[in-house]
Amino acid sequence: MQHTNALSQREYQICNRCVMDTTDSQITFDERGYCSQCTNVEKNIISKLWFPDTGLQKLNNILDQIRREGIGKSYDCIIGLSGGVDSSYLAYLVIKQFGLRPLAVHVDAGWNSETAVHNIEMLVRKLNLDLYTEVIDWEEVQDLQRAYIRAGVANQDVPQDHAFFTVLYKKTHEYDIKYFLSGGNYATESILPTSWGYNAMDTTNLKAIHAQFGQRPLKKYPLLSFFKRYIYYHFFSKVNIIRPLNCLPYKREEAIELLEKELGWKNYGDKHHESRWTRWFQSHYLPSRFGFDKRKAHLSSMIMSNEITREVALERLKAPLYDENTLRIDEEFIIKKLNMEKSEFYKCFHQEHKSYADFSNQEKIYKLKDKMKKIISGIR
0 MQHTNALSQR
10 EYQICNRCVM
20 DTTDSQITFD
30 ERGYCSQCTN
40 VEKNIISKLW
50 FPDTGLQKLN
60 NILDQIRREG
70 IGKSYDCIIG
80 LSGGVDSSYL
90 AYLVIKQFGL
100 RPLAVHVDAG
110 WNSETAVHNI
120 EMLVRKLNLD
130 LYTEVIDWEE
140 VQDLQRAYIR
150 AGVANQDVPQ
160 DHAFFTVLYK
170 KTHEYDIKYF
180 LSGGNYATES
190 ILPTSWGYNA
200 MDTTNLKAIH
210 AQFGQRPLKK
220 YPLLSFFKRY
230 IYYHFFSKVN
240 IIRPLNCLPY
250 KREEAIELLE
260 KELGWKNYGD
270 KHHESRWTRW
280 FQSHYLPSRF
290 GFDKRKAHLS
300 SMIMSNEITR
310 EVALERLKAP
320 LYDENTLRID
330 EEFIIKKLNM
340 EKSEFYKCFH
350 QEHKSYADFS
360 NQEKIYKLKD
370 KMKKIISGIR
């Protein structure tokens, strides 16, 4: 049974500049056939938030400040380490070019692939990184992920993502570190439709889904409230999130080549496929159940960063999302690891679509926060 996006009745259209299309329910097109996603990047991100050609001096000023404020401390910044391209390349830059003293933090939520583990080991050894690994209680993660499967929502990566960011914030506080350097970047992530998912940090939404479908209390799972993230950590701990890759010419494929050559790093395929769960979620669950192919967003971002052409992106989209044998192996692995009956798992997969909005959430508060941020930015 193949589920499709609820907007399947809308006349199909694909952007004439990138490869985003009407599987994004909120997308619109102008008279040129350019979509609202890449137009937003052009108007509101390029030269306003993203400085690949002119940001080096700005970045150097920030790095100088990080070094000064880190004097006398064991570490001057924190970086997340997943074994993926972006975080691995950032770790390389932080040591080899920036000359910083980072604490690398890895959060093990139970889904690391062998490739991700290998990459982390190579980075730690060859870059001489200090690594802190937090292993999330598997029984609680397992129960939370089962709850999300049963809920039938699109954003199945929340149980991992929420834990990752919560632990990173916690460690900045514990070590009195004011700077978290993120591998997040516009070169590969400037386009990501909000209609395809929801804010992983909405603790109210997470708790509501778990309360309805979970079976054990979340006693050890790391939770981060809106107040703690945006009030306590921002105004009292004064944690600054810095995205260095937005200030440098970042080409994902060049970064992969460098990491392979310099560090013995291994390529795991598409973006975020360092996790077996995320590979299944992005390459099968989302496209088969909702009609969302995240490759379109990543490739469109790379078009806007001039790393690839639209023709190359269209050619890559012709490749199958999953090798059938690999899909079978991954799905059997996931069902067993989640300790679900196959019948329940597939029943959940084929159930009626649900939205995050069907459960209690803090969307209004987050929208107000974003509105206030824009007003403050405008004043500045």
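FYI, numbering that gives the first Met the number 0 numbers position 71 of the sequence shown as 70, with every residue one higher than the one before it.
No residue lacks a Cβ here, since even glycine has one placed at the ideal position from N, Cα and C.
Since the structure is predicted, the reported quantities are computational estimates derived from the model, not experimental observations.
- Here DSSP, grouped into helix, strand and coil, assigns leucine 167 to helix.
- Between valine 104 and lysine 170, the C-beta gap is smaller than 8 Å, which places the two residues in contact.
- Secondary structure at cysteine 34: strand, using DSSP grouped into helix, strand and coil.
- Looking at the DSSP output, phenylalanine 28 shares a beta bridge with Cys34.
- Proline 101 is bridged by DSSP to Cys76.
- Beta-carbon to beta-carbon, leucine 205 and tyrosine 91 are separated by about 33 Å, too far to satisfy the 8 Å threshold.
- For the pair threonine 132 and asparagine 15, the Cα-to-Cα distance works out to about 44 Å.
- In this structure, the CA atom of leucine 285 is about 23 Å from the CA atom of phenylalanine 164.
- Apart from sequence neighbours up to five positions away, the residues of its chain that approach leucine 48 with a beta-carbon distance below 8 Å are Tyr185 and Asn245, ordered along the chain.
- Secondary structure at serine 194: helix, using DSSP grouped into helix, strand and coil.
- The C-alpha of lysine 366 is placed about 20 Å away from the C-alpha of leucine 222.
- Look at the segment 288-355 and you find these whole runs of alpha helix (DSSP H), each 4 residues long or longer: 293-303, 309-316, 323-337 and 341-348.
- The three-state reading of DSSP puts threonine 203 in helix, counting H, G and I together.
- Burial check for asparagine 111: the Cβ neighbour count within 10 Å reaches 16 or more, so the residue is buried.
- Here proline 51 has Ala186, Asn245, Cys246, Leu247, Pro248, Tyr249 and Ser304 as same chain residues with Cβ atoms under 8 Å from its own Cβ, once five neighbours each way along the sequence are excluded.
- Within the same chain, Cβ atoms closer than 7 Å to the Cβ of leucine 167 are found at Ile77, Gly79, Val104 and Phe179, the five residues on either side in sequence being excluded.
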